[in-house]
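In the numbering used here, the protein residues as written are 200 to 371. Heads up, the beta-carbon is just placed ideally off N, CA and C, and yes, glycines get one too. Input: a single structure, listed below in structure tokens.
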């Protein structure tokens with residue numbers, strides 16, 4: 200953590216590699232190593248490291264999302280979407296997977312798929328803010344600010360909170 204905090208990501212990476220060699224089944228060490236590999240542009244190594252974490256923790260959806268993040272880093276959006284959908288098939292209400300999928304769809308130029316996902320969430324969970332907040336962010340990424348602000352108003356009506364209020368203000 201000290202080396203990473205000083206900006207020495209190469210030194211931190213080497214230290215994490217040494218730690219992983221000494222403790223090859225320590226999930227926290229492996230997650231740190233994978234994050235540092237990804238930060239240093241070593242996406243193939245990061246993918247292998249995060250896949251190892253996913254094997255050690257098969258029920259942990261975050262581990263699979265980290266593998267998907269390596270696909271996004273390489274602009275392999277189809278690979279990332281496949282993994283994100285796999286997580287959602289197992290855990291349909293897992294918010295980080297829903298958000299990751301939408302972000303990846305936007306990056307892949309499939310904003311309409313992302314909007315469809317937001318609408319599905321709204322239909323399935325009409326009293327929750329997530330679908331509306333997601334729709335708002337997608338619309339904002341398309342520079343449709345009035346529509347984005349309206350969707351965020353809906354999210355705020357479902358779940359008043361200062362983060363959503365600040366985001367709505369930023370969209371106006």
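In this structure, residue 339 sits away from residue 358, with a CB-CB distance that is not shorter than 8 Å.
The shortest C-alpha to C-alpha distance from residue 286 to any of 273, 268 and 274 is the one to 268. Of the residues assessed, residue 336 falls on the buried side of the cut-off, its CB having 16 or more other CB atoms within 10 angstroms. At a cut-off of 4 residues, the continuous stretches assigned as alpha helix (DSSP H) that sit fully inside the stretch 230-283 are 242-255 and 260-272. Put simply, the backbone Cα of residue 305 is about 21 Å away from that of residue 242. In the assembly as shown, residue 266 is a buried residue. Its beta-carbon has 16 or more other beta-carbons within 10 Å.
Per DSSP, the unbroken alpha helix (DSSP H) holding residue 312 starts and ends at 310-323.
Nearest to residue 224 by C-alpha distance, out of 350, 251 and 322, is 251. 8 Å or more divides the Cβ of residue 256 from the Cβ of residue 245.
Going by DSSP, residue 343 is part of no alpha helix (DSSP H) at all; its letter is neither H nor E. In this structure, residue 296 sits away from residue 333, with a CB-CB distance that is not shorter than 8 Å. The alpha-carbon separation between residue 350 and residue 220 amounts to approximately 49 Å. With fewer than 16 other CB atoms across the displayed protein chains lying within 10 angstroms of its CB, residue 319 is exposed. C-alpha of residue 317 to C-alpha of residue 258: approximately 25 Å in a straight line.
Nearest to residue 248 by alpha-carbon distance, out of 215, 308, 360 and 361, is 215. Taking a contact as a CB-CB distance under 8 Å, the pair residue 218 and residue 260 does not count as one, their CB atoms being some 25 Å apart. For residue 293, there is no enclosing alpha helix (DSSP H), as DSSP marks it with neither H nor E. Boundaries of the alpha helix (DSSP H) harbouring residue 367: 361-370, taken from the DSSP string.
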